[in-house]
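Here the structure is laid out as structure tokens; the discussion comes afterwards.
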Amino acid sequence: RNLLDAFAEGSFRCGHTGEWVDAEGETKLPSCQPACGQPSRALPTQVKRIVGGRIAEPGLFPWQVLLSVDDLSRVPEDRWFGSGALLSEFWVLTAAHVLRSQRRDGTVIPVAPEHVKVSVGLQSLRDKPLSTNHSVDQILLHPDFHPTNYSNDIALLRLSQKVVFNQLVRPVCLPLTGQQADLSFLLPNSLGLVAGWGISNPNASSSTLTSDLGVTSDLLQYVKLPVVSQDECQASYASRSVSYNITDNMFCAG
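Here you go:
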């Protein structure tokens, strides 16, 4: 059963015109929307902080989607995958670098929508052919996305078909904006969850990121990580051989 937030109260009866009528004679049916951020199963009370994470049971992250990209703008053709979060029946939130076309001239443009497939309700990559897969009709990269330092690394994509919500497919919540925004979850040492089909081997190199080699996980996994202060994060990246610019629109965890 879908969990719904209703926006009307009262009961309806079938009127002589064949329409549903409420006590005030109104025929407009109440509206509702799926409750966001509600997994279909409870999260375990103890979550280990381990590389590779813990296997997520089906329904624990029902907003998690898999993005499969075939970039035909390169020779040879390039293929990769990434994760996203379901916002509504049509929209998915993800990182801009996942949907950027890997052109050799450095141009920042999205891959063609027809080269992206979105799998919802997926827990194991091996079940991808059996999952519900959606095509894409629009991709929006943040206009100020910088691929060198990953500033504004955010993107939206619109699905061609409406997603059907169920126990394994539900939308994530978006934080409030303006004065209603509660940013306490970004305070240092606050704990948050990270889920995905990412690297399960800490010694993996970027040239070996294929699930066939056992470097990435076939099963959706998650870890609980603490938020790190901005100063500590900047100091950590400053000591690395590759320079990263930690901007004000980023925060670190780990």
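If you're matching positions, the sequence shown starts at 44 in the working numbering and goes up one per residue.
Using N, Cα and C, we set each Cβ at its ideal position, and we do this for glycine too.
(message) Closer than 8 Å is the cut-off here; do at least three beta carbon pairs connect the stretch 154-165 with the stretch 186-193?
(response) no
With a cut-off of 8 Å on the beta carbons, I'd call residue 108 and residue 86 a contact; round off their distance for me.
-> At roughly 19 Å, the Cβ-Cβ gap does not stay under 8 Å, so residue 108 and residue 86 are not in contact.
key: Ordered list of alpha helix (DSSP H) runs contained in the stretch 113-168, each at least 4 residues   = 139-142
Item to check | residue 205 (DSSP reduced to helix, strand or coil) | outcome: coil
| Straight-line gap, residue 198 to residue 136 (C-alpha atoms, nearest Å) | 6 Å
CB residue 167 to CB residue 262, shorter than 7 Å? yes
What residues in its chain sit with their C-beta under 6 Å from that of residue 162, if we drop five residues either side in the sequence? 109, 171, 174 and 176
Which residue comes first and which comes last in the alpha helix (DSSP H) that contains residue 273?
-> 273-281
**Prompt:** Leaving out the 5 sequence neighbours to the left and right, which residues in its chain are closer than 8 Å to residue 194 when beta-carbon positions are compared?
**Reply:** 187, 188, 288, 290, 292 and 293
- Item | C-alpha gap between residue 274 and residue 297, whole angstroms | 14 Å
For residue 269, the three-state DSSP class (helix, strand or coil) | strand
So, at 6 Å on beta carbons, what are the nonlocal neighbours of residue 227 in its own chain, with the 5 sequence-adjacent residues on each side left out? none
In the DSSP assignment, find the beta strand (DSSP E) that holds residue 239 and state where it starts and stops.
234-239
Q.
Using beta carbons (cut-off 7 Å, strictly below), is residue 195 in contact with chain B?
A. Protein chain content of the structure displayed is limited to a single chain, and chain B is not contained in it.
- request: Have a look at residue 113 and residue 240 and give me their C-alpha separation to the nearest angstrom.
  value: 18 Å
| message | Going by DSSP in three states, residue 194 sits in which element: helix, strand or coil? | response | strand
Worksheet entry | Integer-rounded CB distance, given that residue 138 should sit under 8 Å from residue 65 | Actually they are not in contact, since the Cβ atoms of residue 65 and residue 138 sit about 45 Å apart, beyond 8 Å.
| message | On a Cα-Cα basis, can you pick out the residue from 272, 295, 265 and 271 that is closest to residue 98? | response | 265
*What's the call for residue 216, buried or exposed, on a 16-neighbour Cβ count within 10 Å?*
exposed
Inset, instruction - Can you tell me the Cβ-Cβ gap for residue 132 and residue 206, rounded? I've got them flagged as a contact below 8 Å. - result: 5 Å
Using CA coordinates, which residue listed in 282, 68, 281 and 232 is at the minimum distance from residue 267? 232
In this structure, does DSSP put residue 178 in helix, strand or coil?
strand
query = Would you report the Cα separation of residue 143 and residue 83, rounded to the nearest angstrom?
reply = 33 Å
Alpha-carbon to alpha-carbon, residue 153 and residue 277 | 29 Å
Please tell me whether, using a cut-off of 6 Å, the distance from the CB of residue 78 to the nearest non-hydrogen atom of the ligand NAD is below it. Annotation note on the ligand NAD: not contained in the displayed structure, which lists no ligands.
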